[in-house]
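Residue numbers (this note's numbering): 51 to 432.
Encoded as structure tokens, the structure appears first; notes follow it.
The following block contains the structure:
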């Protein structure tokens, strides 16, 4: 796929800005002999992993293998992917005075969603690259998930780059919007964009049990399915658990089950994900109700890009002061989230979170709402 430099720059994150002191940190091999990560490496993305494995995502991947026309450029020159169609029958024609009914007409809906490019770039002076490709970490160095004793500095940096790309891609799949760009969000047709569709029902969650009673009414009409999930931040999940307790009759609220630390609603499991909305000031969370038969993601490659999605480039410099030459590595992906029936996508907003609970973890907000691969605990509003 040919991509203009403007498109690349619009959707690129420069790893140098994310880890500009990489050589200083990791070239001090002996200083890393007893190093440990300040917090858990963010390498699991529960909601995105579910989205990539839904029935609709698998259907899309299979259809792409059999039809090249699923991906094409629209009249504006933008790459789009054609989503599966929803089909239904129209009301019957009036035939009161006739012997037979008339077969009803069929209708369909669906459309195309934009494919956005995601890119992480790492550019270095040639001397830096040559040295990083020869220096090894040393036998006493072992930082799990990052650096091993036989790794070169270049090995470590490329591993960090692929893990960073996975983090950023998952973040954008979940929270991306078509026209929003921040430090870690690029224009991307993500789940949050789908939830902003006016056709998506929003349920007020101020009264948690009442909100889920409303959800139960919709689920009763839409029908049961094993493919429902409810995504929520861990703090929101704790808020739900605090109200899902036996009443005076010794029974849980209607529709709820509890097995140890796990709760379910009408048999639907909860996906706890730290990328989910959590308003630290208001003390509220959101829950997204989704069905995998109607919800999916199409991506060009894995979250950590395959080798064919990694590109290399370099250019000469005329002066020694500029390093003589520069080499760049680009890590790419592209894709979009999509929904084929807005009835099967809902959100519950303003779920109250226990403020005492939030205050108890106020020094861990950067871990509660991670905006970087290895959060320190400090939180910067995205």
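Yeah, the Cβ is synthetic: ideal placement off N, Cα and C, and Gly gets one too.
Per the Cβ contact rule, the region 339-359 is in contact with the region 98-111 (3 or more Cβ pairs under 8 Å).
For secondary structure counted as the beta strand (DSSP E) over 3 or more consecutive residues, the region 301-367 holds these complete runs in sequence order: 306-309, 312-315, 319-322, 334-341, 345-349, 360-366. DSSP, read as helix, strand or coil, puts residue 163 in strand. For residue 146, the secondary structure class from DSSP, reduced to helix, strand or coil, is coil. Residue 396 sits in a strand when the DSSP states are folded into three classes.
Per DSSP, the unbroken beta strand (DSSP E) holding residue 254 starts and ends at 251-254. Cβ-Cβ separation between residue 403 and residue 334: approximately 6 Å, consistent with a contact (criterion under 8 Å). In the three-state reduction of the DSSP assignment, residue 125 falls in the coil class. With fewer than 16 neighbouring CB atoms inside 10 Å of its own CB, residue 362 falls in the exposed class. Listed in chain order, the non-local C-beta contacts of residue 250 below 8 Å within the same chain comprise 244, 392, 395, 396, 397, local neighbours out to five positions each way being set aside. Taking 4 residues as the minimum length, the alpha helix (DSSP H) runs contained wholly in the region 180-229 are 203-225, in order along the chain. Per DSSP, the beta-bridge partners of residue 279 are 319, 340.
Its chain contains no residue whose beta carbon lies nearer than 7 Å to that of residue 422 once the 5 sequence neighbours on both sides are disregarded. Taking residue 131 as the centre and dropping the five residues before and after it, the same chain places the C-beta of 120, 121, 162, 163, 165, 348, 386 closer than 7 Å to its C-beta, in chain order. In this structure, DSSP gives residue 293 a helical state, which the three-state scheme calls helix. Across the set 239, 217, 93, the C-alpha of 239 shows the shortest separation from the C-alpha of residue 226.
Comparing alpha-carbon positions, the option among 247, 213, 152, 197 lying closest to residue 388 turns out to be 247. Within a 10 Å sphere around the beta-carbon of residue 201 sit 16 or more other beta-carbons, which makes this residue buried. Leaving aside the five residues that flank residue 181 on each side, none in its chain has a CB nearer than 6 Å to its CB. Inter-residue distance for residue 351 and residue 360 is about 11 Å (C-alpha atoms, whole angstroms). Between the alpha carbons of residue 235 and residue 143 lies a distance of about 50 Å. Cβ-Cβ separation between residue 305 and residue 337: approximately 14 Å, too far for a contact (criterion under 8 Å). Note that the region 131-140 does not touch the region 168-181; fewer than 3 beta-carbon pairs, one per stretch, sit closer than 8 Å.
Spanning the alpha carbons of residue 196 and residue 278 requires a straight line of approximately 36 Å. For residue 92, the three-state secondary structure derived from DSSP is coil. Residue pairing from DSSP places residue 376 in a beta bridge opposite 175, 365. Residue 238 sits in coil when the DSSP states are folded into three classes, being neither helix nor strand. Proximity to residue 205 across 185, 220, 254, 217 peaks at 185, based on C-alpha coordinates. Apart from sequence neighbours up to five positions away, the residues of its chain that approach residue 109 with a beta-carbon distance below 7 Å are 134, ordered along the chain. By the beta-carbon neighbour count (other beta carbons within 10 angstroms, threshold 16), residue 332 is exposed.
Minimum Cα-Cα distance from residue 258 among the listed residues 364, 315, 127 corresponds to 315. For residue 217, the closest alpha carbon among the candidates 269, 148, 98 is that of 98. DSSP places residue 417 within a helical segment (H, G or I) once states are collapsed to three.
If you ignore the 5 residues before and after residue 323, its C-beta comes within less than 6 Å of the C-beta of 96, 97, 281, all in its own chain and listed in chain order. Inclusion of residue 355 and residue 384 in the CB contact set at 8 Å is not warranted, their separation being larger than that value. CA-to-CA, the gap between residue 224 and residue 327 works out to about 10 Å.
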